[in-house]
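J.: Protein chains in written order, with our numbering: chain A, 1 to 339; chain B, 340 to 558.
All C-beta atoms in this analysis are idealised placements derived from N, C-alpha and C, irrespective of residue type, glycine included.
Bear in mind that the values here come from a model prediction, so they are computed numbers and not experimental data.
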Amino acid sequence: MIELRGIHKVYQKKDTEVHALKGVDLTIEQGDIFGVIGYSGAGKSTLVRLVNYLEQPTEGHVIVDGAYLAEQSPNALRQIKKQIGMIFQHFNLLESKTIYKNVAMPLILAKKSKKEIHARVSELLEFVGLADKAINYPSELSGGQKQRVGIARALATNPKILLCDEATSALDPQTTQSILDLLQRVNKEYGITIMLITHEMSVIQKICNKVAVMEEGKIIEQGSVLDVFGHPKHQTSRNFVQTVVKTDIPRRIKDHLNQQDVHVLTKLEMVGEHATQPILATLMQRFELTVSAVFTNMTEIQDTTLAIWYLDIQGKEADKINALSYLEAQGVRVEEVSI
Amino acid sequence: MFDTNITLQQFLDAIGDTLYMVGMSLLIGTIFGSILGVIIVVTRRDGILSFPIIYTILNIIINIIRSVPFIILMVAIIPLTRSIVGTSIGTNAAIVPLIIFITPFIARLVENSLLEVGPGIVEAAESMGATPFQIIRYFILPEAFGSLILSLATATISLIGATAMAGTVGGGGVGDIAIVYGYQRYDTFAMVSTIIILILFVQLIQSTGNTLARWVRRR
Ligand SMILES: Nc1ncnc2c1ncn2[C@@H]1O[C@H](COP(=O)(O)OP(=O)(O)OP(=O)(O)O)[C@@H](O)[C@H]1O
Ligand SMILES: [Mg+2]
């Protein structure tokens, strides 16, 4: 659906150059909710603005729904943009126009008939739960409601893609949740592919199926959300994952264990149905080991569960080795960690 | 009752002349000034139809005209005025320099008002695939409308001042009364009433502008 190939972006200022993107390759499939996360200045906004050509790459190709954007005439490009909705951190609504007019704007630009516009706008306001706000002005709405208007407006022309640049960053956690729920409905009910930029891992955790982690103009890691959350490879990814999944053993527990002369633990990572297996019972009964769970963490991601357990396993070394290879055969990731 | 040399009729005629000069030059100046203002906003370096050469040329022309004080401008362009209206005195003759004076001023005010519309609005418009014309028509102008009204009030007030000055060199209007009677014939009543009329005009225009702008913005 969206393909970025070998993208470089250099901003030319009078005497300085900012190399905002340094060789980015990215593929977003139809139906994905694709998250891009990174710290401030990583190049996330630049990346998303390439997809609807608000920004042109210095080098590389942007291919949307099979079309090379660089090869399009200005007119064809405008038609393609109508297939791509966008919502913004600060909503960017027209303060001088009613909610109805704001949502109608893309349709007015497309010269639709009054009747068509009315039908579509009513449907959209219903969908985002703002049917009663049609004649209000943006200044009379809360941040969450404004973003709903932004979403309704972005959907007006029935786009195939929705781009979200920090769409929830100006909202409180509860409102963020409701906007994320709405985005999920947009994805499920209309089958719209979503590309979402954020600096909050919790946003990725809640609705994305794929994620790319950006740092200094490069994508340092990408994959399914489950994989990246389960085994983040890069330190920055790990830092982001840490913000929502507490995978480290708390200091206090470590100290306590060290006092009892425990210096090695077994870390298990399980996903989905594995997470609900009676692991401890199996280890104890079948392998006659003494097992105590020192620290566990379960996180909901993508309608499934990621479980991380730190176990203190005591018993015969041979039994232990057998037990661990048994677990690995079950699809559990096993790792010895020293504390 | 008052010790004065002017008749009420003369005074009313003068007010009429002033309104005529302000009205005409405002109308024509607003048309040209707005077009100029829009052009310099869209052609600037990061504008939606960036064309730095046009921007620079217009910018310089506007600055040049704006740096000439009105009283000098009026005298300097007498040949031009004469070639357009056939004479260099009277209300119609005053309108030519008034238009030349107010057009670049309005262009600047319009420029400022349009630039107040945040880049986010333009970005939203571009993301919808709006043409440059649509961006101006449906996004920038409506969003700037309240501010444009205030700009117009400012321009009108400036024009009233300039009109009074035009009066001193035979343009007619209340400025003429103030000079010919108030100053040259020591007619205090004529002077004071001219000042009061000017104050009333300015107050009225400013508060009308404020009210309209508030109504348009509905905030
Ligand atoms: N229009 C521009 N002109 C010059 N430099 C720019 C421009 N836009 C972005 N940059 C630079 O490009 C780099 C990446 O910026 P970008 O806005 O893409 O980061 P970001 O990841 O979205 O950050 P944030 O989380 O703060 O929004 C930054 O160094 C920024 O200063
Ligand atoms: Mg950004």
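#1: Which residue from A/Asn-158, A/Thr-157, A/Val-48, A/Ser-338 puts its Cα closest to that of B/Glu-462?
#2: Can you name the start and end residues of the alpha helix (DSSP H) that A/Phe-88 belongs to?
#3: Can you tell me where the beta strand (DSSP E) with A/Lys-97 in it begins and where it stops?
#4: Quick check: what's the CA-CA separation for B/Ile-570 versus B/Leu-448?
#5: Using only the heavy atoms of ligand 2, determine whether one of them is closer than 6 Å to the beta carbon of B/Ser-389.
#6: Which of the three DSSP states is assigned to A/Tyr-39 in this structure?
#7: Note down, one range per segment and in chain order, each alpha helix (DSSP H) of at least 4 residues found wholly within the segment 267-296 of chain A.
#8: Hey, quick one: how far does the alpha helix (DSSP H) through A/Gln-361 stretch, first residue to last?
#9: Go ahead and label A/Thr-198 buried or exposed: buried means 16 or more other beta carbons lie within 10 angstroms of its beta carbon, across all protein chains shown.
#10: Between which two residues does the alpha helix (DSSP H) containing A/Arg-148 stretch?
#11: Within the present structure, is the beta-carbon of B/Ser-466 separated from the nearest heavy atom of ligand 2 by less than 6 Å?
#12: If we call anything under 7 Å between Cβ atoms a contact, is A/Gly-35 one with A/Ile-204?
#13: To which residues of the same chain is A/Met-270 closer than 7 Å at the C-beta, ignoring the five residues directly before and after it?
#14: Name the one or two DSSP bridge partners that A/Tyr-11 has.
#15: CB of A/Tyr-53 to nearest heavy atom of ligand 1: below 6 Å?
#16: Closer than 7 Å, CB to CB, is B/Gly-459 near chain A or not?
#17: Is the beta carbon of A/Glu-341 less than 7 Å from the beta carbon of A/Thr-266?
#18: Check the C-beta distance from B/Ile-441 over to B/Leu-498 and give it rounded, since I have them as a contact under 8 Å.
#19: State yes or no: is the beta carbon of A/Val-92 nearer than 7 Å to at least one beta carbon in chain B?
#20: Using the rule of at least 16 other Cβ atoms within 10 Å of the residue's Cβ for burial, across every protein chain shown, is B/Gln-523 buried or exposed?
#21: For A/Pro-138, count neighbouring C-beta atoms within 10 Å of its own C-beta (all shown protein chains included) and say buried if the count is 16 or more, exposed if not.
#22: Do B/Gly-548 and B/Ala-492 have their C-beta atoms within less than 7 Å of each other?
#23: Cβ of A/Val-18 versus every heavy atom of ligand 1: is any distance shorter than 6 Å?
#24: I'd like to check one pair, B/Ala-517 with B/Thr-533: are the Cβ atoms closer than 7 Å?
#25: Hey, out of B/Ser-364, B/Tyr-359, B/Asp-385, B/Gln-348, whose CA is closest to A/Gln-12's CA?
#26: Is the shortest distance between the beta-carbon of A/Arg-78 and the beta-carbons of chain B less than 7 Å?
#27: Closer than 6 Å to a non-hydrogen atom of ligand 2 - does that hold for the CB of A/Ser-169?
#28: Can you give me the Cβ contacts of A/Thr-299 inside the same chain, cut-off strictly under 6 Å, excluding the 5 residues immediately before and after it?
#29: What is the rounded straight-line gap between the Cα of A/Ala-134 and the Cα of A/Leu-124?
#30: Mind pulling the chain A residues with CB within less than 7 Å of B/Phe-484?
#31: Which residues, in order along the segment 292-309 of chain A, keep a beta-carbon less than 7 Å from a beta-carbon of chain B?
#32: Might you give, ordered along the chain, the residues of its own chain that have their beta carbon closer than 8 Å to the beta carbon of A/Leu-183, omitting 5 neighbours on each side?
#33: In angstroms, rounded to a whole number, what distance separates the CA positions of A/Leu-94 and B/Ile-460?
#34: Which same chain residues, not among the five before or five after A/Lys-22, have their C-beta less than 7 Å away from its C-beta?
#35: Let me confirm a value: B/Pro-391 is counted as buried when at least 16 other C-beta atoms fall within 10 Å, else exposed. Which label applies?
#36: Can you find the residues in the same chain that come closer than 8 Å, C-beta to C-beta, to B/Arg-383, ignoring five residues on each side of it along the sequence?
T.: Put simply:
#1: Of the candidates A/Asn-158, A/Thr-157, A/Val-48, A/Ser-338, the one whose C-alpha sits nearest the C-alpha of B/Glu-462 is A/Val-48.
#2: A/Phe-88 -> no alpha helix (DSSP H), and no H or E assigned at all.
#3: That residue, A/Lys-97, is in no beta strand (DSSP E); it is neither H nor E in DSSP.
#4: The first residue shown for chain B is 340 and the last is 558, placing residue 570 of chain B beyond what the model contains.
#5: no
#6: coil
#7: 279-287
#8: Residue 361 of chain A lies beyond the residue range present for chain A, which begins at 1 and ends at 339; the question has no answer from this structure.
#9: buried
#10: 143-155
#11: no
#12: yes
#13: Around A/Met-270: Ala-307, Val-332.
#14: A/Val-18
#15: For A/Tyr-53, the Cβ stays outside the 6 Å cut-off from all heavy atoms of ligand 1.
#16: yes
#17: Nothing about residue 341 of chain A can be reported from this structure: the residues present for chain A run from 1 to 339 only.
#18: 6 Å
#19: Reading off the sequence, residue 92 of chain A comes out as Asn, not Val. Chain B, which has a Cβ nearer than 7 Å to the Cβ of A/Asn-92, makes this yes.
#20: exposed
#21: buried
#22: yes
#23: yes
#24: The beta carbons of B/Thr-533 and B/Ala-517 sit closer together than 7 Å.
#25: B/Asp-385
#26: yes
#27: no
#28: Val-245, Leu-306
#29: Rounded to the nearest angstrom, the two C-alpha atoms are 11 Å apart.
#30: Ser-96
#31: none
#32: Ile-33, Ile-151, Leu-162, Cys-164, Ala-167, Ile-194, Leu-196, Ile-207
#33: 7 Å
#34: His-8, Gly-217, Lys-218
#35: exposed
#36: Here the set comprises Ser-389, Pro-391, Tyr-394.
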